[in-house]
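Everything on this sheet refers to the single structure shown next.
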RNA sequence: GCGGGUAUCGUCUAACGGUUAAGACAUCGGUUUGUGGUACCGAGAAUUUGGGUUCGAUUCCCAGUACUCGCCCCA
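In the working numbering, the protein residues as written are 3 to 478.
Structure representation (C-alpha cells):
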C-alpha cells in the first residue's frame, strides 16, 4: 500500500542521502528531503493501486487480448455486424427500465452517482441497454432489417471481486434488431460458437431455454408461484424472498433443497403459448442442423428481466469437470418498445472478454504477437545521436521496424540490447560515420559488417532481411 | 453482503521469538572508454498496514487492507 512505498522511498532516499553527504557536502540534502516529502504526499493520495475490483491489463496479457479482438472483429465482419461504441455512462433510469427493478444488477450492483449538474447517472452494467438507446435515438429503425450491431467495452458491477470477476470487466456484444425469425437466434449461437472455437477453446456447451413471451410467461409464473407457495417451507431463506420479487430465479438457486423443489416444478417450456413453442421448436431444429453442442436447460432463467423467448448461455468445461460461464444472451422482443421505440423484436448476446482470456490461457490458446523489430539502431557520440533520430524515422518510413536504445551510452550495452532483442541487423552510427554520412551495417548472424552511404542504407538493410527470410523458410 | 485460506525484493523461494532479513531469476552498471555470447565483479530492490504480547516480533495474538476459495450474483 501507500505506506509501503513511502517506506521504500524513505529508505532509498535516506541511503542516497547518506552517500551524498559523506561523499560530498550536505549541500543537496534539503532538496532531497523536499523531493521525498512530495513523493510521499503524492503516493498517499493515489494509494498506488486502483480501487477495489479494478486491475491493469499489462503488456504481457495483451497478446491474448489482441487475438481476441482480432477474432471478434473478423467474425463481426463475416456475419455482417457493424461496430458501434456507446458511452460507459448513461442515465441510471435507462438501466432501471431495461434491466428491471428487483434484479440484483440494478438493486445491488450498479455504480450510480449524481453529477454536478444533478443528473442521476450510472456506469453501464451491461452493453445492451445503451445499444437499444442508441438504436432509437439515431432512428436506426429506418435501416434495412435486421440491424446488426457489434460493440465491445468496459462494463461495471459493484460485486465482490474474485478471480474472473472484476468490478470493471470487458464485454463484447452482438445484437440484431428488427427480426423475429428464430433463424437469427440460431445464427447468433453459431456466431458465438465460431468466436470461442476459433480461439481454440474446446469443450464448449450451450445451454438453451425459452422463457416465453409476456403473455404465456405470466400464466406460467402464476402457476409457478402457486407451486412454490405450496412447498414454501422447503425453500431457502433467499428463495422465500424471491417468491415475492422474482419467482423465476428460484429455478436457478443452487441450494440443495431448492434444487429438489425446483426439479418437480412446472417447466416454462411446457407452458409456452403456440407462438413461443413454435419459435423454440424451430430454433432447436436449426441447432440440430448446425450440429452445435447444446442442451436444453429448463432452469435457465438469466438475471435480466427484459428477455423473452430464447435465452442461452455459453459454458466451457475443464478437465476437472469445473464449468466456466463465458457469456450468454437471448431475445428481447419488447425492450425497444419499453424504451419508447417502436415494436422491434431483437436478439443479442454478450461474452465476458476477461473470462475468454482466462480460458485462452488455460487451454494455451494461440496468441497474436505483434511483429518484432529485426533491425537495431545504435549510436555513439553526440553528433551521431543527433543524426540517429532522422535515420530512425527514415527506416520507419520505409516500413523497416527498428528498435533502439538511444538512452544508453556505450556501444557495448547497446549491442547487448540488440542481441537480446534477437535482431538480425544492427546499424551503427559513430562520430566518424556521422561526419561521413555513412552507417555501419552489421549482420548479427554472421557478425560481418560493412560501411554504406546513407542513400544505400535502405537497400542494404532490405537485402540482408530478404536473404534471411529465404533462409529461415528453407529451414522450416 | 456472508464464511474459509493466504500475505517477505519486480518474480520465485529462505530465515529455533534474537540474522546486517539470505539466495536464485530479472533489472542496471562495470571487467581500460568503437562491437553482442559466456564468465567474473558490483549496484539497486522486500517483511501488507495499524495495534497488542515480549527485554526483543518477519515469526505469536487482534483488527484493517489486498489477493484467493466457497456462497450470493453474474460475464
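Cβ atoms here follow ideal geometry from the backbone N, Cα and C, with glycine treated the same way.
Fair warning: this is a prediction, and the values are worked out from it, not measured in the lab.
Assignment of residue 378 by DSSP, reduced to helix, strand and coil, places it in the strand class. The region 456-470 and the region 386-401 touch, with three or more beta-carbon pairs separated by less than 8 angstroms. Residue 173: member of the beta strand (DSSP E) spanning 170-179, first to last residue. Within 10 angstroms of the beta-carbon of residue 176 lie 16 or more other beta-carbons, which makes it buried. The Cβ-Cβ distance between residue 431 and residue 446 does not fall below 8 angstroms.
Closest in alpha carbon position to residue 110, among 118, 144 and 169, is 169. Counting along the chain, the unbroken alpha helix (DSSP H) around residue 97 starts and ends at 94-101. Distance check between residue 401 and each of 96, 463 and 251 places 463 closest, using alpha-carbon atoms only.
For residue 280, the enclosing alpha helix (DSSP H) has its first and last residue at 276-292. Apart from sequence neighbours up to five positions away, the residues of its chain that approach residue 81 with a beta-carbon distance below 6 angstroms are 193, ordered along the chain. In terms of Cβ geometry, residue 191 and residue 361 do not form a close pair [threshold 8 angstroms]. The three-state secondary structure of residue 182, taken from DSSP, is coil. With respect to the 8 angstroms criterion, residue 74 and residue 197 are classified as neighbours on the basis of their beta carbons.
When C-beta atoms of the region 136-150 are compared with those of the region 95-114, fewer than three pairs fall below 8 angstroms, so the two segments do not count as touching. With fewer than 16 other CB atoms across the displayed protein chains lying within 10 angstroms of its CB, residue 93 is exposed. By the criterion of a C-beta distance shorter than 8 angstroms, residue 282 is surrounded in its chain by 184, 212, 271, 274, 311 and 312, once the five residues flanking it on both sides are discounted. Nearest in C-alpha terms to residue 384, of all of 422, 329, 351 and 436, is 436. The bridge partners DSSP lists for residue 318 are 206 and 326.
Note on the region 340-404: whole alpha helix (DSSP H) runs with a minimum of 4 residues are 355-364 and 384-399, in chain order. Contact holds between the region 94-106 and the region 333-348, because three or more Cβ pairs, one in each stretch, are under 8 angstroms apart. Annotation for residue 454: 440, 441, 443 and 462 place their beta carbon closer than 7 angstroms to its own, counting only its chain and skipping 5 residues before and after. Around the beta carbon of residue 95, fewer than 16 other beta carbons lie within 10 angstroms, which makes this residue exposed. Residue 149 and residue 83 have their C-alpha atoms roughly 8 angstroms apart. In this structure, the straight-line span from the alpha carbon of residue 375 to that of residue 64 is close to 18 angstroms. CA-to-CA, the gap between residue 347 and residue 467 works out to about 56 angstroms. Where residue 134 is concerned, the enclosing alpha helix (DSSP H) starts and stops at 130-139.
Assignment of residue 448 by DSSP, reduced to helix, strand and coil, places it in the coil class. Residues 273, 274, 275 and 278 of the same chain have their beta carbon placed closer than 7 angstroms to that of residue 218, with the five preceding and five following residues left out of the count. The three-state reading of DSSP puts residue 428 in strand, counting E and B together. In the structure shown, residue 230 adopts helical secondary structure according to DSSP, grouped into three states.
In chain order, 249 and 250 place their CB closer than 8 angstroms to the CB of residue 223, counting only its own chain and leaving out the 5 sequence neighbours on each side. Restricting attention to 255, 239, 263 and 377, the CA atom closest to the CA of residue 232 is found in 263. Going by C-alpha positions, residue 295 is about 5 angstroms away from residue 207.
For residue 239, there is no enclosing beta strand (DSSP E); the residue is part of the alpha helix (DSSP H) that begins and ends at 239-247.
In this structure, DSSP gives residue 457 a helical state, which the three-state scheme calls helix.
Approximately 5 angstroms separates the beta-carbon atoms of residue 107 and residue 127; this is inside 8 angstroms, confirming the contact.
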